[in-house]
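Beneath this line is the structure, given in structure tokens, with notes to follow.
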Amino acid sequence: MTINKQLSILMLLISLFSIIVVACAFKISDAARFHQLNSQHFNYIIELNELIARYPNALPETEALKAVVIKIQDQPEACVALPSSVDRFLMRMINAESIITICKKDIKIADDLLESIKLFELGLITPSAMKIDLNIGNKKFRSNSIEFIGPVDKLSYFIVKVSTMTTVILSIVLFLMALTIAQAILKVVKRMQETKDKLVISEEKNKQLAHTDSLTGLPNRNALDKQINKNILMSSIEKFAVFFIDLDRFKDVNDTRGHAQGDKLLNIIANRLDKAMGDNGYVFRFGGDEFVAIVNFSTVQHDVEKMASQFIKTIAEPVLLENTDVYVTASLGISIYPSNADDAESLVKYADTAMYEAKKEGKNQYLFYQDAFSQEYTRRLSYESQLRCAIEKDQLHIVYQPIVNLNNFATQGTEALLRWQLNEETMVSPDIFIPIAEYSGQIIEIGEWVLRNACQQNKLWRESGASKLNIAVNVSPYQLFNPHFPQLVQKILVEFDIPPHCLDLEITESMTVSDNAVFLRTLNELSEMGVRLLMDDFGTGYSCLSYLRQLPFDVLKIDKSFVSDYDTIASTIIAMGKQLDMKIIAEGVETQNSLDTLTQQQCDFAQGYFFQRPISAEQLDVFKIYNNLKSTQ
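In terms of the numbering used here, the sequence shown opens at residue -8 and continues consecutively.
Rendered as structure tokens:
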């Protein structure tokens, strides 16, 4: 029951208590009135008695007698009129109805005496007869008056008893009710205090959470800014460096093993970094797979390099996930206070810039910030921002370079190459914007756009008569690490009615050394679908013959660095391809000499400036025969 209800009941009981007490007071007053009337009644009886005694031998004055009798009669009449229906009910309940009966007897006696006096005045009875009637009536009055005291006392006692009991009971009830309400109020006060305490604790937790990463328990970005500013104030005592740490290929782990295992990996790396830091500074989780460290050092940069190397080493150690050793590396950028910047925002930004350069340089290493990085960072951010709306602004377009069959010099297929015309004066190189798109995650949308448009163009060529023309599209590792990529390819092939074997997906050799389960499953699904898989830039990576046998590739593309002049590596790759029953494409063919050498080595296909520079679909003649050509540069 709520306190409001309890209070309502309490108020109701108090009202009832008050009503009963007041009613009992009135009833006690009524009982006292009975006694008062009886007392007057008795006095008038005495007065009547005196009148009778005053004239023992003479006749009394009848008017005086009548006046006294009437006074005597007034008292019982008042008593009869006094009780209410409640009083009469109470009288019946306690057998005190004789009060009214006695009063009625007195009224009857008084009436009889008045009648006797009247008869005397009329001469109908003798004086002695009237005196006898007066004496008898007076005795009855006295007897009734005495008898009247008993039931009146009984009624008074009952009213007092009921009043007392009611008062006691209601007092107990009121006390218990008040005690219950007091306890309820105390509980509410206690709950309010507990709530207040919890609120204080919650606020403390919120303050803590506001500066703590919920996953790793490390301080977060909010705490980072405060700590850097604190270090700046203390910089006269000790110098410090800011490390920006980004895990390489963390997304692979997250995509293949799930977010739970990804979180576990982040926790393990966070603990390692914190342990490696020791008392030399602080480690913070910046967000995602990024960490920031503040490293205090005395005078020499060697201390910072030593800590950076320790971080790289400890991150590279295997992590056990689902009973399997998983390896990740990290790229690390370093900025120094006050050499590079003197405020928190710039120090973090410059460390981030250096980290990005470390990632660009091959990952798993650290780099100190240089002023030249800042221009690159600004340019990268600008390109990243503008690239987000490049498709919408129709700035991206595809050019095509023919792939020539060296048996008949006919166009066997075309390679779709992406270009970004930022404005009339600026053409951004793919070597610049592709890594930016991969780093920012935009490569997924852009890659789908290229695949869709290339297949749409291939459909147009096929409808014009080039029914056996293949279309080759370069695929980013981020697309292949997406487990839904094969479904996307299937959907596009169906949409444009392209036979799967007419789509060539080019994948760089460096990607193929990945043991990523999603990557390998994606390759197998694409191969089973009938799509041809081309290993691009072959010869620049670390593939071995035994590993190549396990992968479902159909074609090797010799990197152009082995094609420009006669190179024994090119002939070795061609021989290896024949041994693996794989077709060979040589890219970057620019001279007749290179073409002749490749033809002698029985290379299957070639592409390069010697045949055709990349041009628009409208300019490309897919039916052209490229035999006996001079370089078209």
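Quick reminder that beta carbons are idealized off the backbone N, C-alpha and C, glycines included.
Practice task
Please confirm if the segment 391 to 405 is in contact with the segment 605 to 615, defined as three or more CB-CB distances below 8 Å between the two stretches.
Solution key: yes
Handout entry: residue 137 to residue 118 span [Cα, whole Å]
Key = 29 Å
Problem - Host beta strand (DSSP E) of residue 523 (start-end) - result: 523 to 529
Practice task
Please determine, among 272, 281, 308, the residue with the shortest C-alpha to C-alpha distance to residue 294.
Solution key: 272
Handout entry: CA-to-CA distance, residue 321 to residue 307, given in whole angstroms
Key = 8 Å
Practice task
Pull up the distance between the alpha-carbon of residue 36 and that of residue 113, whole angstroms please.
Solution key: 25 Å
Problem - Selection from 441, 592, 133 that minimises the alpha carbon distance to residue 40 - result: 133
Practice task
Report the three-state DSSP secondary structure of residue 301 (helix, strand or coil).
Solution key: helix
Practice task
Could you give the DSSP three-state label for residue 201: helix, strand or coil?
Solution key: helix
Problem - Stretch pair the segment 259 to 267 + the segment 483 to 497: three plus CB contacts closer than 8 Å - result: no
Practice task
Identify every run of the alpha helix (DSSP H) within the segment 303 to 376, keeping only runs that are complete inside it and at least 4 residues long; order them along the chain.
Solution key: 335 to 351
Handout entry: Closest by C-alpha distance to residue 207, when choosing among 253, 248, 225, 187
Key = 253
Handout entry: C-alpha distance - residue 122 paired with residue 64, whole-angstrom precision
Key = 18 Å
Problem - As assigned by DSSP and simplified to three states, the class of residue 85 - result: Because residue 85 carries a pLDDT of 49, less than 50, the predicted location of this residue cannot be relied on, and the following value inherits that uncertainty. Here residue 85 sits in coil by DSSP.
Handout entry: Residue nearest to residue 230 in terms of C-alpha spacing, selected from 332, 161, 135
Key = 332
Practice task
Return the first residue and the last residue of the alpha helix (DSSP H) that residue 261 is part of.
Solution key: 250 to 268
Practice task
Report the residue from 343, 369, 52 whose alpha carbon sits nearest the alpha carbon of residue 360.
Solution key: 343
Exercise for the section: Note down, in chain order, each residue of its chain lying with its Cβ closer than 8 Å to the Cβ of residue 250, except the 5 sequence neighbours on either side. Expected result: none
Practice task
Label residue 456 either buried or exposed according to how many other C-beta atoms from any shown protein chain fall within 10 Å of its C-beta, with 16 as the threshold for buried.
Solution key: exposed
Handout entry: Euclidean distance between Cα positions of residue 613 and residue 555
Key = 25 Å
Practice task
Whole angstroms is fine: what's the gap from residue 421's alpha carbon to residue 599's?
Solution key: 17 Å
Handout entry: Cβ contact check for the segment 573 to 590 and the segment 361 to 379: 3 or more pairs under 8 Å
Key = no
Exercise for the section: Between the Cα of residue 433 and those of 450, 551, 468, 155, spot the shortest distance and give me the residue it belongs to. Expected result: 468
Handout entry: Whole-Å CB distance - residue 424 paired with residue 411, under 8 Å assumed
Key = 5 Å
Practice task
Indicate whether residue 234 and residue 302 have their beta-carbon atoms separated by less than 8 Å.
Solution key: yes
Handout entry: Anticipated Cβ contact below 8 Å, residue 239 with residue 351, distance rounded
Key = Their Cβ separation, rounded to whole angstroms, is 12 Å, which puts residue 239 and residue 351 out of contact at 8 Å.
Practice task
Give the DSSP bridge partners of residue 237, in chain order.
Solution key: 281, 322
Handout entry: Residue burial classification, residue 621 (beta-carbon count within 10 angstroms, cutoff 16)
Key = Low confidence applies here, because residue 621 scores a pLDDT of 49, under 50, leaving its location unreliable; read the following figure in that light. By the neighbour-count rule (16 or more Cβ atoms within 10 Å), residue 621 is not buried but exposed.
Problem - Between the CA atoms of residue 6 and residue 163 - distance to the nearest angstrom - result: 15 Å
Exercise for the section: Decide yes or no for the touch test of the segment 170 to 181 against the segment 214 to 223: beta carbon pairs closer than 8 Å, at least 3 of them. Expected result: no
Problem - Through-space distance from residue 610 to residue 415, alpha-carbon basis - result: 20 Å
Handout entry: Same chain only: Cβ atoms within 8 Å of residue 623, ignoring 5 sequence neighbours per side
Key = Note that residue 623 scores 46 on pLDDT, short of 50, meaning its location in the model is unreliable; the coordinates nonetheless yield the value given after this. These residues qualify, in order along the chain: 600, 601, 602, 603, 604.
Practice task
Identify whether residue 606 lies in helix, strand or coil by the three-state DSSP scheme.
Solution key: strand
Handout entry: Touch test, the segment 571 to 586 against the segment 541 to 553, Cβ-Cβ under 8 Å, three pairs minimum
Key = yes
Problem - As assigned by DSSP and simplified to three states, the class of residue 381 - result: coil
Exercise for the section: Measure the alpha-carbon distance for residue 549 versus residue 565 and round it to whole angstroms. Expected result: 8 Å
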